[in-house]
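Chains as they are written, first to last, in the working numbering: chain A, 33 to 113; chain B, 27 to 173.
These notes are about the structure you will find just below.
Here you go:
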């Protein structure tokens, strides 16, 4: 699965994307696995209430299922316009 | 294309004129332009990051939703990414309708959604450092009036 990071998450983790082998059933379970990958990840995912997630480029919730999903992206609340 | 996500600058006058010329049956055209603002002083530039692919799809979905919700003859969304200096246009929307009420409301609808649900992130680069712009509660609350 391709996991992508944007804005300050990307900076904190030090990568724009990673290929992750995971059997995590939900976004939340994936976050628990990612937190264990290192200090940068742990810091980026310290408070998921401050984060948004997209599953296959659609906004989703942290309890969204991951079966068949190819891409998950994490980012802070958007600031467009 | 009536949804464009681009790094290049755009000319608001040219865009509004071309958009207006393409509308049949419109009695009102409303346009909004967002401009890079130096809030605290010392802004060197604004860096806009986005999520290629999702950005285009999300912005186009919002434009389609505006066309469904309001009585419009057309809608245009342009949003830039990359490095933008103070005073530069960041984005614009234009809406056309038989009557001005729908054109104004649709422009506000598009702005509220683009601000909080299109995957863009602003970083301010100043003389003294750089920082990500935080989303505001007001921006989030603005979406409530369209539900």
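By construction, the Cβ of each residue, glycine as well, lies at the ideal position given by its N, Cα and C atoms.
Buried versus exposed call for residue i [16 or more other C-beta atoms within 10 Å across all chains shown]
{"i": "residue 165/B", "result": "buried"}
{"i": "residue 162/B", "result": "exposed"}
{"i": "residue 145/B", "result": "buried"}
{"i": "residue 94/B", "result": "exposed"}
{"i": "residue 65/B", "result": "exposed"}
{"i": "residue 63/A", "result": "buried"}
{"i": "residue 112/A", "result": "buried"}
{"i": "residue 105/B", "result": "buried"}
{"i": "residue 55/B", "result": "buried"}
{"i": "residue 125/B", "result": "exposed"}
{"i": "residue 143/B", "result": "buried"}
{"i": "residue 128/B", "result": "buried"}
{"i": "residue 92/A", "result": "buried"}
{"i": "residue 78/A", "result": "exposed"}
{"i": "residue 48/B", "result": "exposed"}
For residue i: DSSP bridge partner residues
{"i": "residue 107/B", "result": "The partner list for residue 107/B (beta bridge, DSSP) is empty, contrary to what the question assumes."}
{"i": "residue 57/A", "result": "According to DSSP, residue 57/A bridges with nothing at all."}
{"i": "residue 100/B", "result": "122/B"}
{"i": "residue 31/B", "result": "105/B"}
{"i": "residue 90/A", "result": "87/A"}
{"i": "residue 174/B", "result": "Any property of residue 174/B remains undetermined from this structure, which presents chain B solely from 27 to 173."}
{"i": "residue 54/B", "result": "123/B"}
{"i": "residue 140/B", "result": "Bridge partners of residue 140/B: none, in fact."}
Own chain residues within Cβ distance below 8 angstroms of residue i, not counting five before or after
{"i": "residue 61/B", "result": "113, 114, 115, 116"}
{"i": "residue 38/B", "result": "57, 59, 115, 118"}
{"i": "residue 131/B", "result": "96"}
Min CB distance residue i to chain B below 8 angstroms
{"i": "residue 77/A", "result": "no"}
{"i": "residue 113/A", "result": "yes"}
{"i": "residue 62/A", "result": "no"}
{"i": "residue 91/A", "result": "yes"}
{"i": "residue 38/A", "result": "yes"}
{"i": "residue 94/A", "result": "no"}
{"i": "residue 33/A", "result": "no"}
{"i": "residue 57/A", "result": "no"}
{"i": "residue 108/A", "result": "yes"}
Closer than 8 angstroms to chain A by CB, residue i
{"i": "residue 117/B", "result": "yes"}
{"i": "residue 33/B", "result": "no"}
{"i": "residue 176/B", "result": "Absent from the structure is residue 176/B, since the part of chain B shown begins at 27 and ends at 173."}
{"i": "residue 101/B", "result": "no"}
{"i": "residue 140/B", "result": "yes"}
{"i": "residue 133/B", "result": "no"}
{"i": "residue 75/B", "result": "yes"}
{"i": "residue 60/B", "result": "yes"}
{"i": "residue 105/B", "result": "yes"}
{"i": "residue 36/B", "result": "no"}
Own chain residues within Cβ distance below 6 angstroms of residue i, not counting five before or after
{"i": "residue 102/B", "result": "28, 45, 120"}
{"i": "residue 168/B", "result": "138"}
{"i": "residue 42/A", "result": "48"}
{"i": "residue 140/B", "result": "none"}
{"i": "residue 35/A", "result": "50, 52, 104"}
Own chain partners of residue i with C-beta closer than 7 angstroms, once the 5 adjacent residues on each side are dropped
{"i": "residue 96/A", "result": "58, 59, 87"}
{"i": "residue 52/B", "result": "99, 122, 123, 124"}
{"i": "residue 133/B", "result": "56, 58, 119, 121"}
{"i": "residue 45/A", "result": "37, 72, 73, 76"}
query = Taking one C-beta from the region 30–41 of chain B and one from the region 98–113 of chain A each time, how about it: are there three or more such pairs within less than 8 angstroms?
reply = no
request  = Flag this pair as touching only if the region 78–96 of chain A and the region 68–84 of chain B have three or more C-beta atom pairs under 8 angstroms; answer yes or no.
outcome  = yes
Meets three-Cβ-pair contact criterion under 8 angstroms: the region 67–75 of chain B and the region 148–157 of chain B = yes
message = For the region 85–99 of chain B against the region 92–106 of chain A, do three or more pairs of beta-carbon atoms, one drawn from each stretch, fall closer than 8 angstroms, so that the two count as touching?
response = no
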